[in-house]
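Peer 1: Numbering-wise (our numbering), the sequence shown opens with residue 141 and increments by one.
Every residue, glycine too, gets a C-beta built ideally from N, C-alpha and C.
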Amino acid sequence: MNAGLEVSLARGGTDDPSGWAWGAAIFALYLLIGYGLEYRSKRRRGATRPAKAAAEGLFSERDGVDPGQRFASRMVMLCGGLATGLAGFLTRHAHPAVQIPTVGVVALLGIFAWAYFDYRSEPRDGE
Numbered sequence: 141m142n143a144g145l146e147v148s149l150a151r152g153g154t155d156d157p158s159g160w161a162w163g164a165a166i167f168a169l170y171l172l173i174g175y176g177l178e179y180r181s182k183r184r185r186g187a188t189r190p191a192k193a194a195a196e197g198l199f200s201e202r203d204g205v206d207p208g209q210r211f212a213s214r215m216v217m218l219c220g221g222l223a224t225g226l227a228g229f230l231t232r233h234a235h236p237a238v239q240i241p242t243v244g245v246v247a248l249l250g251i252f253a254w255a256y257f258d259y260r261s262e263p264r265d266g267e
């Protein structure tokens with residue numbers, strides 16, 4: 141391996157606190173969005189305490205939901221998070237005026253794709 145390439149790889153290693161901060165921010169964003177989607181679902185279904193039900197339902201299995209659909213939903217979420225992380229990684233040496241909007245747009249696209257998938261695959265009362 142070229143010495144210059146080794147140095148450039150070492151600069152973006154695990155000792156870089158900004159890399160960990162980006163990762164934590166992406167994870168927190170997707171957790172927040174997941175909670176928001178869960179809250180919306182609980183509220184639409186008429187839960188008496190939708191905030192508590194959403195917090196409990198965020199990591200638990202749902203009754204009456206196809207496990208394949210739930211798995212597919214989590215994979216859409218995971219791919220959106222990975223795409224956001226990849227955008228942050230690829231723009232890590234760019235100016236923050238380029239990096240932040242790029243990562244933000246990719247994150248929003250992933251969130252909208254996830255929300256749309258959940259909306260289209262959510263069981264309706266008439267079904």
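Closest to residue 262 by C-alpha separation, out of 252, 236, 206 and 251, would be which residue?
Peer 2: Sequence index remark: in the sequence shown, residue 262 carries index 122 (1-based). Answer by Cα proximity: 206.
Peer 1: Could you tell me which uninterrupted alpha helix (DSSP H) segments, each at least 4 residues in length, are contained entirely in the region 207–264, listed from first to last along the chain?
Peer 2: For the region 207–264, whole alpha helix (DSSP H) runs of length 4 or above, ordered along the chain, are 207–230 and 236–261.
Peer 1: Below 8 Å, can you find three or more Cβ-Cβ pairs linking the region 169–177 to the region 248–256?
Peer 2: The region 169–177 is in contact with the region 248–256.
Peer 1: Closest to residue 247 by CA distance: which of 228, 182, 236 and 232 is it?
Peer 2: By one-based count along the sequence shown, residue 247 stands at place 107. Nearest option by C-alpha distance: 228.
Peer 1: What did DSSP end up calling residue 185 once you bin it into helix, strand or coil?
Peer 2: Taking the sequence shown and counting its residues from 1, one reaches residue 185 at position 45. Here residue 185 sits in coil by DSSP.
Peer 1: Quick check: the Cα distance between residue 183 and residue 233, rounded to an integer number of angstroms?
Peer 2: For the purposes of this step, residue 183 is identified with residue 43 of the sequence shown, where counting begins at 1. For the purposes of this step, residue 233 is identified with residue 93 of the sequence shown, where counting begins at 1. Their Cα atoms are separated by approximately 42 Å.
Peer 1: Determine the DSSP secondary structure at residue 141, reduced to helix, strand or coil.
Peer 2: The sequence position of residue 141 within the sequence shown is 1, counting from 1. Legend: pLDDT at residue 141 = 48, less than 50; position of this residue unreliable, no value from coordinates given.
Peer 1: Within 8 Å, do at least three Cβ pairs link the region 208–226 to the region 191–198?
Peer 2: No, the region 191–198 does not touch the region 208–226.
Peer 1: Taking the Cβ atom as the reference point for each residue, do residue 242 and residue 224 lie within a distance shorter than 7 Å?
Peer 2: Residue 242 sits at position 102 when you count from the first residue of the sequence shown. Residue 224 sits at position 84 when you count from the first residue of the sequence shown. Contact flag unset, no.
Peer 1: Less than 8 Å between C-beta atoms, sequence neighbours within five positions excluded: which residues of the same chain meet that for residue 221?
Peer 2: What you label residue 221 is simply residue 81 of the sequence shown in a count that begins at 1. Closer than 8 Å at Cβ, skipping near neighbours: 166, 167, 170 and 250.
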